[in-house]
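**Student:** Got a structure for you, questions after.
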């Protein structure tokens, strides 16, 4: 019986091709936009370093003035001052490793006259960064702890910057210039699939750093700070000056610009770290610092990303527009399907008169709708793929071509899960909107239709 009903369903689909095409396109366009938006959200919400997300913690403490507005959520809390980050790293804490992160813009200059200097988005950190965040290396290795102590003039390049500067060959041991300072390449990072750039709280899926240098080297040589400096009121007029000058003045101030990460391998140790942080803040209060009530955060990477996803999901207009547009497409599909089915009243009445029951007719039309739903899902996947490719190129254009398509591809790709989701949503929604037209057609009184004909 299934084969017979399926044969009738396919014959019905072929009989009125234009109406079928209109319905498939209506569903496909709605699915295409919906899956395009949901795919971008799906990739944007992936957990970076999922296997370590509960072992890596972000450390924050509130050293602002008494009159500042209270902060109750972690994403809005300030960073640490440079000296607080260093003090916490050097103290006896439950953490197995610490790393600091702040951003800089530098001019990378090859010794070759054929390579033009270019501006590099650079992360300033320490040697623990690479092991803590499982950074893969194509050539060489990160600098060691001794290089942090000695402020060694070393640099780690990404695969992309190594391609620009050295044509992709092994550049370990070769020389570069950062502004006017000579540095040696010690390693080249391979493709690093972290989903999003979480370590600076930007959560960017497209823009990646092109170089990494040590904090001690950057401080010693006054490398520019490309950061939002959160300073006390009496120091705010100096922020512009401190970005490029007087690094010691910045370090000794109450300006926050350093992110501190800690690797803590057990939840009980995380509680101990909270106590360690409280004790540190209390010790600084005795020195006249941290005037506000205690307000610290020791937040796991998993919790941070979850909070960031919740905040971002409510601010994306496309996440509201796409479902509404899909509903409009489904309403159009109801009208098309109703017109298609109501043209079969004579055929249905004749079959009913010859003994076909309502259940048999419903099975046939449900099969027809399911087939149309599958076709709409396939069309939607094709349109979603084209939409994602278009959005990816828009992102490249918006970045003034400073971001490569390769860096974006992972965030704009359809995987098996999203394709399956598209087809399932298409079939289920098509069945739902098809119930009313089916109910109308199978409940037509056969006698009235046969008499009129």
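Numbering (our numbering), first residue to last: 229 to 681.
Glycine included, each C-beta is placed from N, C-alpha and C at the ideal position.
It should be emphasised that the depicted structure is a prediction, and the values quoted were computed from it without experimental measurement.
On the three-state DSSP scale, how would you describe residue 712?
**Tutor:** Any property of residue 712 remains undetermined from this structure, which presents the chain solely from 229 to 681.
**Student:** Between the Cα of residue 303 and those of 431, 609 and 340, spot the shortest distance and give me the residue it belongs to.
**Tutor:** Sequence index remark: in the chain shown, residue 303 carries index 75 (1-based). Ranking 431, 609 and 340 by Cα distance to residue 303 puts 431 first.
**Student:** Please confirm whether residue 327 and residue 360 have their CB atoms less than 8 Å apart.
**Tutor:** Position 99 of the chain shown, counting from 1, holds the residue named residue 327. Position 132 of the chain shown, counting from 1, holds the residue named residue 360. Contact: yes.
**Student:** Which residues mark the beginning and the end of the beta strand (DSSP E) in which residue 300 is found?
**Tutor:** By 1-based counting over the chain shown, the position of residue 300 is 72. Neither: residue 300 is in no beta strand (DSSP E) and is coded neither H nor E.
**Student:** Between the beta-carbon of residue 350 and the beta-carbon of residue 334, is there less than 8 Å?
**Tutor:** Numbered from 1 along the chain shown, position 122 holds the residue referred to as residue 350. Numbered from 1 along the chain shown, position 106 holds the residue referred to as residue 334. Cβ distance < 8 Å, so residue 350 and residue 334 count as in contact.
**Student:** Which parts of the segment 470-549 are runs of the alpha helix (DSSP H), unbroken and 4 residues or longer, counting only runs that do not cross its ends?
**Tutor:** Within the segment 470-549, the complete alpha helix (DSSP H) runs of at least 4 residues are 475-479, 495-513 and 529-541.
**Student:** If you follow the alpha helix (DSSP H) that residue 363 is part of, which residue opens it and which one closes it?
**Tutor:** Here residue 363 refers to the residue found at position 135 of the chain shown. Where residue 363 is concerned, there is no enclosing alpha helix (DSSP H), given that its DSSP letter is neither H nor E.
**Student:** Using alpha carbons as the reference points, say which of 374, 401 and 437 lies closest to residue 389.
**Tutor:** Here residue 389 refers to the residue found at position 161 when the chain shown is read from its first residue. Looking at the Cα atoms, 437 is the closest of the given residues.
**Student:** For the segment 284-302 and the segment 483-493, state whether three or more C-beta atom pairs, one from each stretch, are separated by less than 8 Å.
**Tutor:** Yes, the segment 284-302 touches the segment 483-493.
**Student:** Please go through the segment 389-456 and give each complete alpha helix (DSSP H) segment of 4 or more residues, from N-terminal end onward.
**Tutor:** Qualifying alpha helix (DSSP H) stretches, in chain order: 443-448.
**Student:** Helix, strand or coil: which one does DSSP assign to residue 591?
**Tutor:** As a first step, residue 591 is located in the chain shown; it is residue number 363 there, counting from the start. Reduced to three states, the DSSP call for residue 591 is helix.
**Student:** When DSSP labels each residue in this structure, what does residue 568 get in the three-state scheme?
**Tutor:** Along the chain shown, one-based indexing puts residue 568 at 340. Reduced to three states, the DSSP call for residue 568 is helix.
**Student:** DSSP three-state label for residue 287, please.
**Tutor:** Here residue 287 is taken as the residue at index 59 of the chain shown, counted from 1. Note: residue 287 maps to strand in three-state DSSP.
**Student:** Taking the Cβ atom as the reference point for each residue, do residue 255 and residue 608 lie within a distance shorter than 8 Å?
**Tutor:** Start at 1 with the first residue of the chain shown, and residue 255 comes out as number 27. Start at 1 with the first residue of the chain shown, and residue 608 comes out as number 380. Yes, these two residues count as a Cβ contact at 8 Å.
**Student:** Please work out which residues of its chain come closer than 7 Å, Cβ to Cβ, to residue 621, disregarding the five sequence neighbours upstream and downstream, and give them in chain order.
**Tutor:** As a position in the chain shown, residue 621 is number 393, starting the count at 1. Nothing meets the Cβ criterion.
**Student:** Measuring only the C-alpha atoms, how far is residue 655 from residue 638?
**Tutor:** Indexing the chain shown from 1 puts residue 655 at position 427. Indexing the chain shown from 1 puts residue 638 at position 410. When rounded, the distance between both Cα atoms is 27 Å.
**Student:** Go ahead and label residue 312 buried or exposed: buried means 16 or more other beta carbons lie within 10 angstroms of its beta carbon, across all protein chains shown.
**Tutor:** Indexing the chain shown from 1 puts residue 312 at position 84. The residue in question, residue 312, is buried, as its Cβ has 16 or more Cβ neighbours within 10 Å.
**Student:** Just reading off the alpha helix (DSSP H) that residue 644 is part of, what are its end residues?
**Tutor:** Taking the chain shown and counting its residues from 1, one reaches residue 644 at position 416. First-last of the alpha helix (DSSP H) with residue 644: 644-670.
**Student:** Considering just the uninterrupted stretch of the beta strand (DSSP E) at residue 271, what are its terminal residues?
**Tutor:** As a first step, residue 271 is located in the chain shown; it is residue number 43 there, counting from the start. Not the beta strand (DSSP E): residue 271 falls in the alpha helix (DSSP H), residues 245-272.
**Student:** Label residue 475 either buried or exposed according to how many other C-beta atoms from any shown protein chain fall within 10 Å of its C-beta, with 16 as the threshold for buried.
**Tutor:** On the chain shown, residue 475 is found 247 positions in, with the first residue counted as 1. Buried: at least 16 other Cβ atoms inside 10 Å.
**Student:** Straight-line CA distance for residue 301 to residue 471?
**Tutor:** For the purposes of this step, residue 301 is taken as residue 73 along the chain shown, with counting starting at 1. For the purposes of this step, residue 471 is taken as residue 243 along the chain shown, with counting starting at 1. Taking the straight line joining both Cα atoms gives about 27 Å.
**Student:** Which of helix, strand or coil does DSSP assign to residue 458?
**Tutor:** Working through the chain shown from its first residue, we reach residue 458 at position 230. If DSSP states are grouped into helix, strand and coil, residue 458 belongs with the strands.
**Student:** Helix, strand or coil for residue 349, going by three-state DSSP, please let me know.
**Tutor:** Counted from its first residue, the chain shown places residue 349 at position 121. Note: residue 349 maps to strand in three-state DSSP.
**Student:** Taking residue 373 as part of the alpha helix (DSSP H), name the residues at either end of that continuous run.
**Tutor:** Position 145 of the chain shown, counted from the first residue, corresponds to residue 373. Looking at the DSSP string, the run of the alpha helix (DSSP H) that includes residue 373 is 373-378.
**Student:** Could you have a look at residue 558 and say whether DSSP puts it in helix, strand or coil?
**Tutor:** Residue numbering aside, residue 558 sits at position 330 when the chain shown is read from its first letter. Looking at residue 558 - three-state DSSP - the assignment turns out to be helix.
**Student:** What is the DSSP secondary structure of residue 343, counted as helix, strand or coil?
**Tutor:** For the purposes of this step, residue 343 is identified with residue 115 of the chain shown, where counting begins at 1. Reduced to three states, the DSSP call for residue 343 is coil.
**Student:** Can you tell me whether DSSP reads residue 237 as helix, strand or coil?
**Tutor:** Within the chain shown, residue 237 is the residue found at index 9, counting from 1. Helix, per DSSP.
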